[in-house]
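Comments concern the structure below.
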Amino acid sequence: MAGSIGRAAVADVESLSATEFLQLRSSIASIRRHLDVLDHRVLGVGARKDLHRTAGASSIDELVATTGGVSRREANKTVRLAQHLEKSPVLAEQMKQAGMSPAKAHLITQAVAKLPTDFTAEQKQHIENELAIAAPAMSIEQFTRKTRRAIEIVDPALANTRENDELVRNESAAVRQATFWMTRPNEAGMVKGGFEIDALTADMLRSILDSKTAPRYRAIQQRNGLTEASDQSGNTSGELPGKPSGNQAGDPSATKFTETQGEAFTDLLRHLPRDAYGNHGGVAATLMITISEDSLRNRTDTAGITEHGNPVSAGQLRHLACTTRILPAVLGSKSQILDLGREQRLHTSAQRKTLAHRDKGCAFPGCERPPGWCETHHITSWANGGDTTIENGVLLCGYHHRHIHNSNWRIETNPRDKHPDFYPPGKSVPIRNTRYQPLVA
Numbered sequence: 001m002a003g004s005i006g007r008a009a010v011a012d013v014e015s016l017s018a019t020e021f022l023q024l025r026s027s028i029a030s031i032r033r034h035l036d037v038l039d040h041r042v043l044g045v046g047a048r049k050d051l052h053r054t055a056g057a058s059s060i061d062e063l064v065a066t067t068g069g070v071s072r073r074e075a076n077k078t079v080r081l082a083q084h085l086e087k088s089p090v091l092a093e094q095m096k097q098a099g100m101s102p103a104k105a106h107l108i109t110q111a112v113a114k115l116p117t118d119f120t121a122e123q124k125q126h127i128e129n130e131l132a133i134a135a136p137a138m139s140i141e142q143f144t145r146k147t148r149r150a151i152e153i154v155d156p157a158l159a160n161t162r163e164n165d166e167l168v169r170n171e172s173a174a175v176r177q178a179t180f181w182m183t184r185p186n187e188a189g190m191v192k193g194g195f196e197i198d199a200l201t202a203d204m205l206r207s208i209l210d211s212k213t214a215p216r217y218r219a220i221q222q223r224n225g226l227t228e229a230s231d232q233s234g235n236t237s238g239e240l241p242g243k244p245s246g247n248q249a250g251d252p253s254a255t256k257f258t259e260t261q262g263e264a265f266t267d268l269l270r271h272l273p274r275d276a277y278g279n280h281g282g283v284a285a286t287l288m289i290t291i292s293e294d295s296l297r298n299r300t301d302t303a304g305i306t307e308h309g310n311p312v313s314a315g316q317l318r319h320l321a322c323t324t325r326i327l328p329a330v331l332g333s334k335s336q337i338l339d340l341g342r343e344q345r346l347h348t349s350a351q352r353k354t355l356a357h358r359d360k361g362c363a364f365p366g367c368e369r370p371p372g373w374c375e376t377h378h379i380t381s382w383a384n385g386g387d388t389t390i391e392n393g394v395l396l397c398g399y400h401h402r403h404i405h406n407s408n409w410r411i412e413t414n415p416r417d418k419h420p421d422f423y424p425p426g427k428s429v430p431i432r433n434t435r436y437q438p439l440v441a
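For what it's worth, this note's numbering labels the leading residue of the sequence shown as 1, then goes sequentially.
So, in C-alpha cells, the structure goes:
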C-alpha cells in the first residue's frame, strides 16, 4: 500500500485535464479519509495494549509525535480521539463518510466534554450521535457553530441562553481589547496601519467595503466616470495617485483584490460624515442581521447572525438598533421573514443637541461621561414601536448603553419634568444621575 501511494506521489500531474483533476482530488480525499480511519483503529489497539513499549517509546503520544512529525499536543489529541472512537460506534462509522474529518470529530468530542455536568450519559451520547450524523454535510464553519449549540439537540431554550451569555462576555471583553496602530508617512507618502477589533464591528466595515468593491458598483463607476474625490495633482479618476486603473489594458481584474479594498477603505475615510461622532456615536453603516422577533422585542435572549455569519448577542443587537444603521431581518417562530427593519430610527443632530442640553452627559446614575462620549437610546425601544423623539430619548455612554440592553434596568420618562428616571432591577423607586438632575417626585 505504501509503495503504491509512494509511486503515485511522484507521478506527472502537469498534463491533468479538469476532469482528471477533479477525479484525482476526490480519490485522494477518499484515501486520506480511509487512512485516518485505519490510523485511529491502529492507535486504539496500540494504546490499549501498550504496544509503544516495544519501540522504546515512553508513551503512545511520544511514538505518534516522533513517527508523525507532529507536536506532543497534536499527538495526544489524535490518540485521545482514537480511544474515544473505540467506545463510540456511531461516530466511528461516520468517520468513513465523505465530508467527515478528524477536525470535525475533535469539535464533537470538545462539545460533548463541555456539556453540563448534570446531563446523563444517555443525553451526552445522544447529542454526540446527532452531531456525528450532521457533520459530513456541513462546512467546518457551519459545524463549528452547531457544536457550540450542541445543547440545542435536547434543550433549545438552554442553548439560546448559554450562547447569548457567552456572546455578552466575549463582546464586553472585545471592546476592551480592541487595538489600532498607524505609522508616520514614509518617503513615498504612504502610511501603514493595522487593527484588531470585534467581529461585529469588522462586519460593519466589511459591508461598506463590499458595497464599494462589488463588480456591479465598480462597473457603473467606470462606465459613468463618477468620482467625488480629487487629489492635489488634479486627478479626478477616482484612483489613488500612482495606482493603476482596475480595467487597465482592458482587464477588469488587473488590480489586485487588496488594492481594490484599499481604494474602498481610502474612499470611506475621506468621506466620513464630519458630524458622525457628535451625532449618534458612529459611522452610518448598514448591516443586515437576522434575529427572531421575540429577541428584538426583548422577550428572549436568542442571538442573531450577521450577513457575514458571525453571531451577535441579543443585547448587542438591541443596542445597535438604537445607535447605528443595521437592517434587522426579523424572523417569526417558523423562521419566516416577518419584516425587514427600517433605517429611519436614529435621532437627528438637533434632537441630539437638545438631549445633550437636557441630560448634560450620560444620564445613568453615577456616571460622569460627557455628551461627546454618549449615544442616544430609545426609552421605549424602536423595535417595540417607540418614537424617535426627545421625550423618548436619553443619552447613555457606550458602556451603560450596552449595560441597559443586557440587564433588567428599566427607564421611564417622568411625567412632571420629562426627564428619565432609572429603576434598578426589582426596584420600584427610581434613581437619577444626581450630578446632573435632581429626582422629581
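For each residue, glycine too, the CB sits at the ideal point set by N, CA and C.
Asked, Found
"Within the same chain, show all residues whose beta-carbon is closer than 6 Å to that of residue 51, passing over the 5 residues directly before and after it, in chain order.", "none"
"Straight-line CA distance for residue 86 to residue 310?", "35 Å"
"Kindly confirm or deny that the stretch 66-83 and the stretch 39-53 touch, where touching means at least three C-beta pairs closer than 8 Å.", "yes"
"Between the C-alpha atoms of residue 428 and residue 378, what's the straight-line distance to the nearest angstrom?", "21 Å"
"Only counting the same chain, and skipping five residues up and downstream in sequence, which positions put a Cβ closer than 7 Å to that of residue 395?", "355, 356, 359, 361, 362, 363, 371, 374, 376"
"Looking at the strands, I want to know which residues DSSP matches up with residue 195.", "180"
"Could you round the C-beta distance between residue 168 and residue 313 to whole angstroms and report it? I think they count as a contact, below 8 Å.", "5 Å"
"Where does residue 232 sit, in a helix, a strand or coil, going by DSSP?", "With a pLDDT of only 38 at residue 232, under the threshold of 50, the placement of this residue in the model should not be trusted, and no figure is reported."
"Three or more C-beta pairs under 8 Å: does that hold for the stretch 150-166 against the stretch 177-186?", "no"
"Please go through the stretch 132-190 and give each complete alpha helix (DSSP H) segment of 4 or more residues, from N-terminal end onward.", "140-148, 156-177"
"What does DSSP give as the partner residues of residue 394 in its beta bridges?", "377"
"Determine the direct distance from the alpha carbon of residue 265 to that of residue 229, and round the result to whole angstroms.", "Only weak support exists for where residue 229 lies, its pLDDT of 38 falling under 50; the value from the coordinates is given anyway. The straight-line gap from Cα to Cα measures roughly 13 Å."
"Between the C-alpha atoms of residue 142 and residue 7, what's the straight-line distance to the nearest angstrom?", "37 Å"
"Could you give the distance in angstroms between the alpha-carbon of residue 419 and the alpha-carbon of residue 178?", "34 Å"
"Contact between the stretch 17-34 and the stretch 92-106 is defined here as three or more beta-carbon pairs at a separation below 8 Å; is this criterion met?", "yes"
"Are residue 157 and residue 151 close, meaning C-beta to C-beta below 7 Å?", "no"
"Could you work out which residue in 318, 315, 389, 399 is closest to residue 350 when comparing CA atoms only?", "389"
"Using the rule of at least 16 other Cβ atoms within 10 Å of the residue's Cβ for burial, across every protein chain shown, is residue 422 buried or exposed?", "buried"
"According to DSSP, is residue 413 helix, strand or coil?", "strand"
"With respect to the alpha helix (DSSP H) encompassing residue 359, which residues constitute its N-terminal and C-terminal limits?", "349-359"
"Might you give, ordered along the chain, the residues of its own chain that have their beta carbon closer than 6 Å to the beta carbon of residue 21, omitting 5 neighbours on each side?", "none"
"For residue 265, which three-state DSSP category applies?", "helix"
"List the whole-angstrom C-beta distance separating residue 450 from residue 409, where the pair is believed to meet the contact cut-off of C-beta under 8 Å.", "Outside the shown range of the chain, which is 1 to 441, sits residue 450, and nothing can be said about it."
"Return the CA-CA distance between residue 106 and residue 267, expressed in angstroms with no decimal places.", "43 Å"
"Among the candidates 77, 101, 69, whose CA atom is the shortest distance from the CA of residue 37?", "101"
"Smallest Cα separation from residue 367: which of 347, 393, 382, 403?", "403"
"Relative to the C-alpha of residue 401, which residue among 391, 369, 426 is closest?", "369"
"State yes or no: is the C-beta of residue 60 within less than 7 Å of the C-beta of residue 47?", "yes"
"May I ask you to report which of helix, strand or coil DSSP gives residue 120?", "coil"
"Pull up the distance between the alpha-carbon of residue 18 and that of residue 129, whole angstroms please.", "37 Å"
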